[in-house]
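What follows is a single structure, written as structure tokens, with notes after it.
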Amino acid sequence: MSESVCRVLDAAAALGAASGLAGEFAAGAAERDARRTLPYAEVDRLAASGLLAITVPQEHGGADLPTAVVAEVFRRLAVGDPNLAQIPHSHFVYVNQLRLQGDGDQQRRLFAEVLRGKRFGNAQTEFGTKHVRDHRTALTPDGPGRWRLNGTKFYCTGALFADWIPVLAHLGIEGPMHVAWVRRDAQGVEVVDDWDGIGQRTTASGTVRLQNVSVADEWITPYAATFEGPQTYGAFAQVLHAAIDAGIGRAALEEAAEFVRTKSRPHPDAGVERAADDPLTVRAFGEMELALRGAEALLKEAASAVDDANADLTEGSAARASLAVAAARAATATAAVDTASRVFEVAGTRSALAGLNLDRHWRNARVHTLHDPAAWKVQHLGRWALDGAPPPRHGQL
Amino acid sequence: MSESVCRVLDAAAALGAASGLAGEFAAGAAERDARRTLPYAEVDRLAASGLLAITVPQEHGGADLPTAVVAEVFRRLAVGDPNLAQIPHSHFVYVNQLRLQGDGDQQRRLFAEVLRGKRFGNAQTEFGTKHVRDHRTALTPDGPGRWRLNGTKFYCTGALFADWIPVLAHLGIEGPMHVAWVRRDAQGVEVVDDWDGIGQRTTASGTVRLQNVSVADEWITPYAATFEGPQTYGAFAQVLHAAIDAGIGRAALEEAAEFVRTKSRPHPDAGVERAADDPLTVRAFGEMELALRGAEALLKEAASAVDDANADLTEGSAARASLAVAAARAATATAAVDTASRVFEVAGTRSALAGLNLDRHWRNARVHTLHDPAAWKVQHLGRWALDGAPPPRHGQL
Amino acid sequence: MTNGQDAPDWSTPPATPDGWVARAREVAARLAVDAVVRDREGATPYAEVELLKDAGLVPLLAPAEYGGGGQDWTTAYRVIRAVAAGDGSIGQLLGYHYLWAWAARLVGTPAQIEAVERQAAEEGWFFGGAVNPRDDDLVIREEDGELVFNGRKTFSTGGKVSDVTVLEGVLEGTGKHVFAIVPTDQDGIVFAGDWDNLGQRLTESGSAVIENVRVPWAAAAGYVPRADGYEFVPRTYNTLNVPLIQLVFTNFYLGIAQGALETAAAYTREKTRAWPYAADRKERGVDEFYVQEAYGDLQSKLWAAEALAERAAGLVEQINARADDVTPEERGEAAVVIAAAKQTAIDAGLEIGTRVFEVTGARASANAVGLDLFWRNIRTHSLHDPVAHKRAEVGRYALTGELPEPTWYT
Amino acid sequence: MTNGQDAPDWSTPPATPDGWVARAREVAARLAVDAVVRDREGATPYAEVELLKDAGLVPLLAPAEYGGGGQDWTTAYRVIRAVAAGDGSIGQLLGYHYLWAWAARLVGTPAQIEAVERQAAEEGWFFGGAVNPRDDDLVIREEDGELVFNGRKTFSTGGKVSDVTVLEGVLEGTGKHVFAIVPTDQDGIVFAGDWDNLGQRLTESGSAVIENVRVPWAAAAGYVPRADGYEFVPRTYNTLNVPLIQLVFTNFYLGIAQGALETAAAYTREKTRAWPYAADRKERGVDEFYVQEAYGDLQSKLWAAEALAERAAGLVEQINARADDVTPEERGEAAVVIAAAKQTAIDAGLEIGTRVFEVTGARASANAVGLDLFWRNIRTHSLHDPVAHKRAEVGRYALTGELPEPTWYT
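Chains as they are written, first to last, in this note's numbering: chain A, 1 to 397; chain B, 398 to 794; chain C, 795 to 1204; chain D, 1205 to 1614.
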């Protein structure tokens, strides 16, 4: 990676770049998954393409592309290899975090990094606490303007490939949540490749240990404040997750169609020469296509709703965006998991050969859709439909 | 009804008018259904609103509103009373038919009628034939430039409320299909109110008998030619059906929410004071809301796809429109029927009182979604997903 | 309903359980002929109950020594299912009758059981009920050593078509519930005839006003005289009423679903046209793969639900075999399986009632065909208690082994 | 897999059918301990088959007089289900073994049946099979009055872990299929060990090369000497192999699904956290209504599928009771119910295998937990024949009473 500033992509260029990279990434996706080969080279190509900089604000020299385009970029990347769509997910979320909570100087410094192709990882989630939003990691005072960061984080997607790791931490043991921006190679930062998920295997969503990492004031941005007013922070993060699931479902369906056209044998009862002419197989494809189209349509609406809310941020517009994203998330999750399981039914006996690795779609969908429970998306939609109640404000909506 | 020309509505005015009428129509919908009171007054109000003229081409003095707006007008009307959305369905289809196949003079004469608030019915379907597309009704020669029209048609939605009835007929016993435009009150035209469906009861989708109806050449337009090249004729008709189903589903959900908020008793196991706070009730509403949102999103996409195809009509754009509409039709059908059945589950024991007539939503959905089998929409989607095959060209797609 | 001149010879009771079910099918066939018309007319089903009596189905559970059928609940459930396939309302009436006829067994003393069953069999009683113990809307005062019932029940079953009615009320100033069997035809019982729901329209399930209906203490089911008055001695078996009736529900849902599937299949065979635009255009609707697949899916779901109901009936038999020492655990496990059977039947029934239209076609949606009757019937009665909480009940058992506390829903 | 020092006393065979199922559960508990690890290692399951033998499950169907368990297929199906709950692969191996051990009954002469069952029980044979009659890829030549098998089977079952293998081939130049039981451990049978699928990984289902395997005519199952050579005398019962094995499939799918549900429930109880953003925030995952409802839904579906499999087993017993005069109609009706049971089990199993993650949470998706094993196992084997056409088969029966022609899938 050179230190030069990346190309600033407009929407068409961004979508074109995503499709191009997706085609490249697709070729090795099954094998990388099977061998768990971490995609360092592919992440470099992604960074070099300029795609990681498309949300940098215009005043900082970026293209500031709307959520609708970002979501479609994610969906396309995920059709190619959803690992390579999930790896930069946190990067985009923290670019957004920086835009919302960074001061002018912080933005100037870090956006410049992004424009040079630098990547943000994440270190948010903790285990051993009662609920997923309880955290222990904290910044403790270490002299004037300096802090020490200690803690252990899990599910740190992207951290292994990152230049910067934004760490969610209390400012003071019981203090409000902040983000400490630490360099991946800073002293006391250890990124452990211990991710053991059944799917999204090459995301390396492992552990980050922080031991007495020294952090200066100027590398700390507020976090808790994000949720004090109407916000699309959570909705933006979630709609990108939905895009990844939509891409997984589409990839599964396309691979199954190719398999049925070229490899499946027809069943005698169908009375046809080609498996692809079996009316019941066609019906199953139609049902899967229908579910995916529905999910994709909700994804588009959700991304537009986030853009609409950003353009005119009110309680109402933020709630509409959150609900639209909740719907997209629930629908893409179901469509991805169901399609990825059902493709075997149409592809037939031979599709279960381990060497084909057709099950990676199901494993990817199954793992990634658990990121936060779809059941609660449905609950929020229900409260709205029944009582007109707006959803709560947090990072998962 | 005066004979004066109606107001030409722009998109916003059309949507506003639809919402206003829907609100009015909703008030009496349950009772009209229960007593099977035919909505003559309501159809008059609909005609007077100018909504029936919104697709007249601009060169004929109309607003020529896009399909996206027409579909949303239909959906809103259907939320109020889906009978009053289905009654004018054929009207819009035959305005479209006239635009596609009428000659200049025919268009001038009949569009002027539409702008004066006149309504088209339909007389298409026949029974007793082996397949739904077989027809026996025919125009037979009756001297120079004149024909006699004989036949019996069923499911003639709108005919009872119409000023003009376009009749699908062979030109000559074995000749190509044409449309004969006959006046509702012409000699030999008999409209029988024998519609006996379990739902959409006040559409009066009954029988039309044609006995030696005299038709002059200038009131005959070609029909078969509609399907000779790429077309959106079928897609336009179908997307309006999808809009009606989407409206039925939404109406059912809204009425159920109102019921649960105001009338349902909480179940002891839930440990809540209000039925609307039962987490499992909320979940059910969320699932229904999700299905409806998915259907509504596909409906929007489908209407836009029809507009896109109209703007640039090719085999490809027409196929894309047909497939998008097939998806919308399948999704709205399922969402409408399932929601209309499930609302009872959340509303509870008291919701089955006959006097509430909450089941009209299910009956309306069940009848209207059978208009043509959703199974074949799914089949076309499957052929496309599996083989990239475009759908066939006919009036049902 | 065909009855009268062409009635078969029903003078001899069937010799086997299968024979009883076959008898029930004969009844169902007669009911099915005009079920749609009778549903629309909504008349009080006197003739229908007469038909049940003529066929000998009414005293099915009563001991053979008193002239009853001497059958077990497994057979009763199958009979309910078979009758409901012809007419859901009549299946429900019969099912509730069996439960109320069993009320003495559930809460009565041995002497009461014998007296009730003997008289019921001899006089051919058809039982109704005015019981809804979630509401204490029927109040009992003691007067001159007799119990006097006054009040109103929002729902009853059987109403005017029953010979006797099971009343349930609360002794004034106490929490004590009392069940008693009283003649239906008396001035003190007035049925409002206000059951007007979208389905199960012939079940006479409307409200009832009870005014000064008197019964002796001896008729208070399960109460025995003590030094300081009459006292009820509870057994676990008392609480079996809810599982028993929930499995009654399950079986008439299954019957209705079967009626829907068979009616639709006959229509598809005889009338449904193939789709003309298909790539592999077929001659008849019955040849369409998607039609075959849909029927196969629905039939499989129905068979599975039926099989689970049969398993549940087996658990009921195990409990009935030792009514006096059944444990709360046995009762609870049966209740959970019955809850699962009920929700499975509801899911299958609603899906069948709705989807049959998709494989019969648009013309089957005419009132004259009446294919909506099945959905309306299941939809209406399945609202008895919320299926989502039934699922949660089964879920708690699957997760932690928790058994439901006996309530009026479990 | 726990075996060896802490092995229970399995020296006495169980006395009742329930005892056999309890024995199978003990085996399953041992298998479950490291099922995930053994799946990953993919070693040939010698020790697992040894465990089945130690527990006495292998000769379950063999007549008691020869030292077998003397049990019927109903018990065998329940045993398969119980074992599969611990390890789907081993449940499959055992199920196929039962079928091949039954091959003599299906196609053999009375003398062959007696000889095979006696020897199998005495020597404790574990049966495998190299049978895939849709392909005529094994050719039989007659040489010196003996049959010589040569060719290749794409799929076999049991392979190296079996003591004997059922071979199936076609007599060269004829359409005659011949089944014969041969010792597995011989030079002429080579298993490629090439079964590498995403599930059921320990079933030794790879291809087999057969080279000059010789059997005497007398070992050709069901062939009897005639004036002009050996001839096969067909009975309807010959074609019961497919329904029997389809119900074997059904039962190991059900076992796998049960394993999934129980494993998930244990995880949810012990580890799943509640959702912190809920309006009615709970203490534990197990208290969440949506979790309870999901488990209830899945448990109900599984119970319904199990109940239908039990009904199907009952039909099998009726046929087995009169194997010599079973009619094509009886066979066909059983086949249809089995088809329905199979698809019901597949639907329930796949849904359970997929949805359990939604009620255990993100951390349960680690390889270390191995909760994906259940989905992989059902997904893989359920591809045996397309479920959509099974549904259509049931649908044709529901619609028109059409019975499936005996084929290799029905």
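Idealized CB from N, CA, C, for every residue including glycine.
Given the structure is predicted, the values throughout are model-derived calculations rather than measurements.
Proximity winner among the options, relative to residue i (alpha-carbon distances)
i, options, result
"Ala-1124 of chain C", "C:Gly-1108, C:Leu-851, C:Ala-822 and C:Val-976", "Before going further, note that residue 1124 of chain C is Glu rather than Ala in the sequence given. Minimum Cα distance to Glu-1124 of chain C is reached at C:Gly-1108."
"Glu-940 of chain C", "C:Gly-861, C:Gly-862 and C:Arg-1008", "C:Arg-1008"
"Val-764 of chain B", "B:Pro-463, B:Val-734 and B:Ile-484", "B:Val-734"
"His-1381 of chain D", "D:Gln-1404, D:Asn-1416 and D:Trp-1421", "D:Trp-1421"
"Leu-1193 of chain C", "D:Arg-1488, D:Ala-1307, D:Phe-1353 and D:Ile-1284", "D:Arg-1488"
"Arg-1526 of chain D", "D:Tyr-1441, D:Asn-1571 and D:Val-1320", "D:Tyr-1441"
"Ser-1411 of chain D", "D:Leu-1371, D:Glu-1376 and D:Gly-1377", "D:Leu-1371"
"Tyr-1494 of chain D", "B:Trp-544, B:Thr-537, B:Val-679 and B:Asp-709", "B:Val-679"
"Glu-1005 of chain C", "C:Leu-1177, C:Phe-1043, C:Gln-980 and C:Thr-1138", "C:Gln-980"
"Thr-262 of chain A", "A:Thr-226, A:Ser-341 and A:Arg-350", "A:Arg-350"
Distance between residue j and residue i (C-alpha atoms, nearest Å)
i, j, result
"Ala-822 of chain C", "Leu-298 of chain A", "48 Å"
"Ile-1132 of chain C", "Gln-865 of chain C", "20 Å"
"Arg-780 of chain B", "Asp-1529 of chain D", "47 Å"
"Ser-317 of chain A", "Gly-555 of chain B", "40 Å"
"Ser-2 of chain A", "Phe-92 of chain A", "Reliability of the predicted coordinates at Ser-2 of chain A is poor, the pLDDT of 44 falling under 50, and the value obtained from them is presented with this limitation in mind. So the two alpha carbons sit approximately 21 Å from each other."
"Ala-14 of chain A", "Ile-54 of chain A", "8 Å"
"Pro-176 of chain A", "Tyr-223 of chain A", "8 Å"
"Leu-280 of chain A", "Ala-1101 of chain C", "28 Å"
"Asn-944 of chain C", "Pro-808 of chain C", "42 Å"
Where residue i falls, given that 16 or more other Cβ within 10 Å makes a residue buried
i, result
"Gly-1605 of chain D", "exposed"
"Tyr-840 of chain C", "exposed"
"Asn-1581 of chain D", "buried"
"Ala-1226 of chain D", "exposed"
"Asn-1035 of chain C", "buried"
"Tyr-437 of chain B", "exposed"
"Ser-956 of chain C", "buried"
"Gln-211 of chain A", "exposed"
"Val-1178 of chain D", "Absent from the structure is residue 1178 of chain D, since the part of chain D shown begins at 1205 and ends at 1614."
Within chain B, the residues that residue i reaches when beta carbons sit closer than 8 Å
i, result
"Phe-1436 of chain D", "Those do not exist, as Phe-1436 of chain D stays about 42 Å from chain B at its closest Cβ, beyond 8 Å."
"Tyr-1494 of chain D", "Pro-676, Leu-677 and Arg-680"
Where residue i meets chain C, residues with beta-carbon distance less than 7 Å
i, result
"Phe-741 of chain B", "Arg-1173 and Leu-1177"
Any non-hydrogen atom of the ligand FMN within 7 Å of residue i CB
i, result
"Val-239 of chain A", "Absence of the ligand FMN from the depicted structure is noted, as is the absence of any ligand whatsoever, leaving it without description."
Contact set between residue i and chain A, taken where Cβ atoms lie within less than 8 Å
i, result
"Val-1591 of chain D", "Glu-345"
Contacts of residue i in chain B (Cβ-Cβ under 7 Å)
i, result
"Asp-1484 of chain D", "Pro-676"
"Glu-287 of chain A", "Val-775"
Residues that residue i contacts on chain D, provided the C-beta gap is smaller than 9 Å
i, result
"Leu-353 of chain A", "Asp-1400, Asn-1401 and Leu-1402"
Practice task
Kindly confirm or deny that the region 622-637 of chain B and the region 556-564 of chain B touch, where touching means at least three C-beta pairs closer than 8 Å.
Solution key: Segments in contact, no.
Problem - Three or more C-beta pairs below 8 Å linking the region 1170-1187 of chain C and the region 1020-1034 of chain C - result: No: the two stretches stay apart, fewer than three of their Cβ pairs being nearer than 8 Å.
Exercise for the section: Pair every Cβ in the region 1430-1449 of chain D with every Cβ in the region 1499-1511 of chain D, then say whether three or more of these pairs are closer than 8 Å. Expected result: Flag = no, the region 1430-1449 of chain D and the region 1499-1511 of chain D do not touch.
Exercise for the section: Determine contact between the region 1377-1397 of chain D and the region 1305-1316 of chain D, defined as no fewer than three beta-carbon pairs at a distance below 8 Å. Expected result: Taking 8 Å as the limit for Cβ pairs, the verdict is that the region 1305-1316 of chain D does touch the region 1377-1397 of chain D.
Problem - Cβ contact check for the region 63-81 of chain A and the region 289-308 of chain A: 3 or more pairs under 8 Å - result: Contact annotation: the region 63-81 of chain A touches the region 289-308 of chain A, with at least three C-beta pairs closer than 8 Å.
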